[in-house]
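Here the numbering used here = 1-based position in the sequence shown + 1165.
Below: one structure, written as structure tokens.
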Amino acid sequence: MALGVPDFDGGVRRVAERTGLGGYEGGVFPGGLRNWIFPLGGDTYMEVESATGATGGPASWFRRATGDGTERWMFWCLRADTREELEQVASRLGSQVQVIPGRREPDGTQRVVTSTPAGEVALRARQQGLPNWYYRDDPAKNPARCEVTGDRTAAGVAWLEVAGERERFREHIGAETFDRLPLRFVPGEPGLHAVAVHTTDGEEIVIRRAPAGQDTF
């Protein structure tokens, strides 16, 4: 899941202070989105992102969503275990798999993003608060597996609070996967509203923000 913030350093600091979780600099996406990663356990992670002066594309979307000084959930994702599974999801959604440049890490490493849906299908899904899907061909390089130091250690996502049409979510995600996800439906603007994280000390951290809304690129 990605949290858009109006000021990068302040947003990262607030998440770290309020949760006690550790994170690390993720780099910069094409188009000017600076990225920080908070591993959440269980191969899941949260990205804090902010536009860094560029215009157009995702940077403009982030800037519009956070221009009033509010932090907002921008989108959330599900992981496919294989490329074949991702292709099957794309076919079911009437879309295709896209492979585009991802973030450039601080050491210069260029990541790629392999995901679905794409184009107009992706825009419609985002407007309804639905997740996109991605695939990583080298699980060992999952950003969630980087070791970090914080006051608390995350042990996995406990639940996600979302708003939208339950049956539309089930159709989009697929019944088998939908039934395994710890989703809690609430009224409100379609999209992600809260993420709860287990910690190794038996506590539960809840990160609650409003979704970005139905604005698109």
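Every residue gets a Cβ at the ideal spot worked out from N, C-alpha and C, and that includes glycine.
Quick caveat: nothing in here was measured; it's all calculated off a predicted structure.
* Asked: Whose C-alpha, out of Arg1183, Met1239, Arg1229 and Val1170, is nearest the C-alpha of Gln1292?
  -> Met1239
* Taking buried to mean at least 16 other C-beta atoms within 10 Å of its own C-beta, is Ala1377 buried or exposed? -> buried
* **Rounded C-alpha distance that separates Leu1243 from Thr1314** => 25 angstroms
* Can you give me the Cβ contacts of Ser1353 inside the same chain, cut-off strictly under 7 angstroms, excluding the 5 residues immediately before and after it? => Residue identity differs from the one stated: residue 1353 is Gly in this sequence, not Ser. The answer, listed in chain order, is Ala1328.
* Own chain residues within Cβ distance below 7 angstroms of Arg1268, not counting five before or after -> Gly1191, Gly1192, Val1193, Phe1194, Asn1200 and Arg1276
* What three-state label does DSSP hand Val1362 in the structure shown? -> strand
* Among Gly1206, Gly1356 and Thr1247, which residue has its Cα nearest to the Cα of Phe1334? -> Gly1356
* To do: Can you tell me which of the three DSSP states Glu1237 falls into?
  => According to the sequence shown, residue 1237 is Arg rather than Glu. In the structure shown, Arg1237 sits in a strand (DSSP, three-state: E or B).
* Shortest alpha-carbon distance to Pro1308 belongs to which of Gln1263, Thr1184 and Val1213? -> Val1213
* Asked: Taking DSSP as the reference, what is the three-state secondary structure of Thr1209?
  -> strand
* Asked: Taking just the CA atoms, how far does Ser1225 sit from Leu1186?
  -> 29 angstroms
* Asked: So, Leu1251 versus Thr1209, is the Cβ gap smaller than 8 angstroms?
  -> no
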